[in-house]
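These notes are about the structure you will find just below.
2 protein chains.
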Amino acid sequence: MAKREEILTTALEIVARDGYSKATVRELADAVGLSQAGLLHYFGTKEVLFTAILQRRDEVDVDRALGDPGEDSLVELVEHNAEVPGLVQLYSRFASEAAEKDHPSHEFFRERYRLSRAGLAAEVERMQASGELPSDLDAERIAIMMFAMIDGLQTHWMFDPELDMAQHVSYFWEVLRRAGK
Amino acid sequence: MAKREEILTTALEIVARDGYSKATVRELADAVGLSQAGLLHYFGTKEVLFTAILQRRDEVDVDRALGDPGEDSLVELVEHNAEVPGLVQLYSRFASEAAEKDHPSHEFFRERYRLSRAGLAAEVERMQASGELPSDLDAERIAIMMFAMIDGLQTHWMFDPELDMAQHVSYFWEVLRRAGK
DNA sequence: GTCTATACACAGATAGAC
DNA sequence: GTCTATCTGTGTATAGAC
Numbered sequence: 024m025a026k027r028e029e030i031l032t033t034a035l036e037i038v039a040r041d042g043y044s045k046a047t048v049r050e051l052a053d054a055v056g057l058s059q060a061g062l063l064h065y066f067g068t069k070e071v072l073f074t075a076i077l078q079r080r081d082e083v084d085v086d087r088a089l090g091d092p093g094e095d096s097l098v099e100l101v102e103h104n105a106e107v108p109g110l111v112q113l114y115s116r117f118a119s120e121a122a123e124k125d126h127p128s129h130e131f132f133r134e135r136y137r138l139s140r141a142g143l144a145a146e147v148e149r150m151q152a153s154g155e156l157p158s159d160l161d162a163e164r165i166a167i168m169m170f171a172m173i174d175g176l177q178t179h180w181m182f183d184p185e186l187d188m189a190q191h192v193s194y195f196w197e198v199l200r201r202a203g204k
Numbered sequence: 024m025a026k027r028e029e030i031l032t033t034a035l036e037i038v039a040r041d042g043y044s045k046a047t048v049r050e051l052a053d054a055v056g057l058s059q060a061g062l063l064h065y066f067g068t069k070e071v072l073f074t075a076i077l078q079r080r081d082e083v084d085v086d087r088a089l090g091d092p093g094e095d096s097l098v099e100l101v102e103h104n105a106e107v108p109g110l111v112q113l114y115s116r117f118a119s120e121a122a123e124k125d126h127p128s129h130e131f132f133r134e135r136y137r138l139s140r141a142g143l144a145a146e147v148e149r150m151q152a153s154g155e156l157p158s159d160l161d162a163e164r165i166a167i168m169m170f171a172m173i174d175g176l177q178t179h180w181m182f183d184p185e186l187d188m189a190q191h192v193s194y195f196w197e198v199l200r201r202a203g204k
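In order, the protein sequences belong to chains A and B.
Numbering-wise (the working numbering), the first sequence opens with residue 24 and increments by one.
Numbering-wise (the working numbering), the second sequence opens with residue 24 and increments by one.
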């Protein structure tokens, strides 16, 4: 399965650089030096391929954030995203397609959201326990809001690359700190 | 141009009820009782048609919110959106497609975001002036965050209709009120 | 203004040879 | 495992009749 991994890594680079327009099976196959049929040999369908790409990206991101979890790592993740517009586009576009309940990747996103939300909530609770955030905030709700905000910022940023996503994430943390009783 | 208006109104109803899958020129033409060519006669291209639909939706929403602007109207708008999943889907999906810089509707969204953001910022300032919100908050940033959060909530809500979007918008207002120095 | 018919483009899937 | 070739589906756009 080394080839599969190699394909995903290359695909990730290509999409990051060239955007969603290059995200057809054919284009990705070209970039990887395979024919369309050759690429599909490894994944079967487009949806499986794309889901694998996004999954791979998540793994990379988790690795990146593992050094220091917490407020800063989230800001850094957002900063990093601003450097790979193609991936943000792919994520946004594929998610909007998968919103249809019978889309093959619907469950993948559903689960991804669920897990990220839970992880974030746990992180907020950790910060409350350590006194970094007021303890009378609803951690679950904050996590949902933060996560949604980040996704929304990405959408808006695609239309206005001047928008400083990380700055707004930081400011949200600040507002939260100030919201203590 | 009465016919154009009639088409948009009907299209809006259909999409709201049946979702993005029904949002092809052909399906909309059917719903409106025209042939595909007949419908395109009025709009020329798919992008023009869809942009017109979304524009129409915005007008309707603005009318709805005109009664009482402010915090509550925003919450109500979100509550209303939860009742028209198809429109949320159309908005999300078409926006993600238009993110490509050379998409025919790219500018429409860019401008839409710019205007909504400015309107929201003005509203936040108004609330600060009247003492409803702490005056030491950055109105512009709050507007961007709020707007992004609402968009992100919609994305997540499409995968988890249990998610109470309005509740989280309300909670954000509350956090903001508590964030005064 | 509206229809029927058709052209065109694209992208994904699949068959079968090597 | 990988390629070439081809099929199929889908969706938009257009030509031309009524």
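Ideal Cβ positions, reconstructed from N, Cα and C, are used throughout, including at glycine.
Quiz item: When the Cα of R135/A is compared with those of G154/A, R149/A, R79/A, which residue comes out closest?
Solution: Within the first sequence, numbered from 1, the residue matching residue 135/A stands at position 112. Considering only alpha carbons, the answer is R79/A.
Exercise. Within 10 angstroms of the Cβ of A46/B, are there 16 or more other Cβ atoms? Answer buried if so, exposed if not.
Key: Your numbering for residue 46/B matches position 23 in the second sequence. Buried, by the Cβ-count rule.
Quiz item: Would you report the Cα separation of G61/A and L51/A, rounded to the nearest angstrom?
Solution: As a first step, residue 61/A is located in the first sequence; it is residue number 38 there, counting from the start. As a first step, residue 51/A is located in the first sequence; it is residue number 28 there, counting from the start. Spanning the two alpha carbons is a distance of roughly 11 Å.
Quiz item: Closest by CA to D86/B, which one among L63/B, A75/B, E94/B, L100/B?
Solution: If you number the second sequence from 1, residue 86/B lands on position 63. Cα-wise, what sits closest to D86/B is L100/B.
Quiz item: Are the C-beta atoms of R1/B and some chain A residue less than 7 Å apart?
Solution: For chain B, the structure presents residues 24 to 204; residue 1/B sits outside this window and is missing.
Self-check item: Cβ pair count under 8 Å reaching 3, the segment 194-202 of chain A against the segment 150-161 of chain A
Solution: yes
Quiz item: At least one CB of chain A closer than 7 Å to the CB of D125/B: is that the case?
Solution: Residue numbering aside, residue 125/B sits at position 102 when the second sequence is read from its first letter. With 7 Å as the cut-off, D125/B does not count as an interface residue toward chain A.
Exercise. Examine the Cβ distances between the segment 187-194 of chain A and the segment 165-178 of chain A and report whether three or more of them are shorter than 8 Å.
Key: With a cut-off of 8 Å, the segment 165-178 of chain A and the segment 187-194 of chain A count as touching, because enough Cβ pairs lie within range.
Practice problem: Compare the Cα-Cα distances from V71/B to each of W196/B, V192/B, F195/B, E130/B and report the closest residue. | Solution: Translated into the one-based positions of the second sequence, residue 71/B becomes position 48. Residue E130/B is the option with its Cα nearest to V71/B.
Practice problem: List the residues of chain B that A25/A touches, going by C-beta distances under 7 Å, in chain order. | Solution: In the first sequence, counting from the first residue as 1, residue 25/A sits at position 2. For a Cβ distance threshold of 7 Å, nothing in chain B lies close to A25/A: the least Cβ distance comes to about 33 Å.
Quiz prompt | Near-chain B residues of the segment 66-86 of chain A - C-beta to any C-beta below 8 Å | solution = none
Quiz item: Which parts of the segment 107-133 of chain B are runs of the alpha helix (DSSP H), unbroken and 4 residues or longer, counting only runs that do not cross its ends?
Solution: 108-121
Practice problem: Give the C-beta separation of Q112/A and A122/B to the nearest angstrom, bearing in mind that I take them to be a contact with Cβ-Cβ under 8 Å. | Solution: Within the first sequence, the letter at position 89 stands for residue 112/A. Within the second sequence, the letter at position 99 stands for residue 122/B. Indeed, because the Cβ distance is near 6 Å, the residues count as touching under 8 Å.
Quiz item: Do you know whose CA, among Y43/A, S119/A, A152/A, lies nearest S44/B's CA?
Solution: Start at 1 with the first residue of the second sequence, and residue 44/B comes out as number 21. Among Y43/A, S119/A, A152/A, the Cα nearest to that of S44/B belongs to S119/A.
Quiz prompt | Three-state secondary structure assigned by DSSP to D81/B | solution = Within the second sequence, numbered from 1, the residue matching residue 81/B stands at position 58. Taken through DSSP and simplified to helix, strand or coil, D81/B comes out as helix.
Quiz item: Counting only beta-carbon atoms, is I167/B nearer than 7 Å to chain A?
Solution: Walking along the second sequence from the start, residue 167/B turns up at place 144. So, interface residue.
Quiz item: Of all the options R27/B, E197/B, F182/B, which has the alpha carbon lying nearest to the alpha carbon of I165/B?
Solution: Position 142 of the second sequence, counted from the start, is the residue given in the question as residue 165/B. Selection R27/B, E197/B, F182/B evaluated against I165/B yields E197/B as nearest (Cα-Cα).
Self-check item: chain B residues whose Cβ lies nearer than 9 Å to that of S119/A
Solution: As a position in the first sequence, residue 119/A is number 96, starting the count at 1. Those are Y43, Q112, S115, R116, F117, A118, S119, E120, T178, M181, listed as they occur along chain B.
Exercise. Label P108/A either buried or exposed according to how many other C-beta atoms from any shown protein chain fall within 10 Å of its C-beta, with 16 as the threshold for buried.
Key: To locate residue 108/A, count along the first sequence from 1; it is residue 85. Buried, by the Cβ-count rule.
Exercise. Kindly indicate which three-state DSSP category T47/B falls into: helix, strand or coil?
Key: For the purposes of this step, residue 47/B is taken as residue 24 along the second sequence, with counting starting at 1. It is coil, neither helix nor strand.
Quiz item: Would a check of beta-carbon distances place A202/A closer than 7 Å to chain B?
Solution: Here residue 202/A corresponds to residue number 179 of the first sequence, with the count starting at 1. Chain B, which has a Cβ nearer than 7 Å to the Cβ of A202/A, makes this yes.
Exercise. Taking only beta-carbon positions, decide if M150/A is within less than 7 Å of chain B.
Key: Stepping through the first sequence from its first residue, residue 150/A is reached at position 127. No, its Cβ sits nowhere closer than 7 Å to a Cβ of chain B.
Self-check item: Own chain, CB closer than 7 Å to R49/B, minus 5 neighbours either side, in chain order
Solution: Sequence index remark: in the second sequence, residue 49/B carries index 26 (1-based). Correct list, in chain order: Q59.
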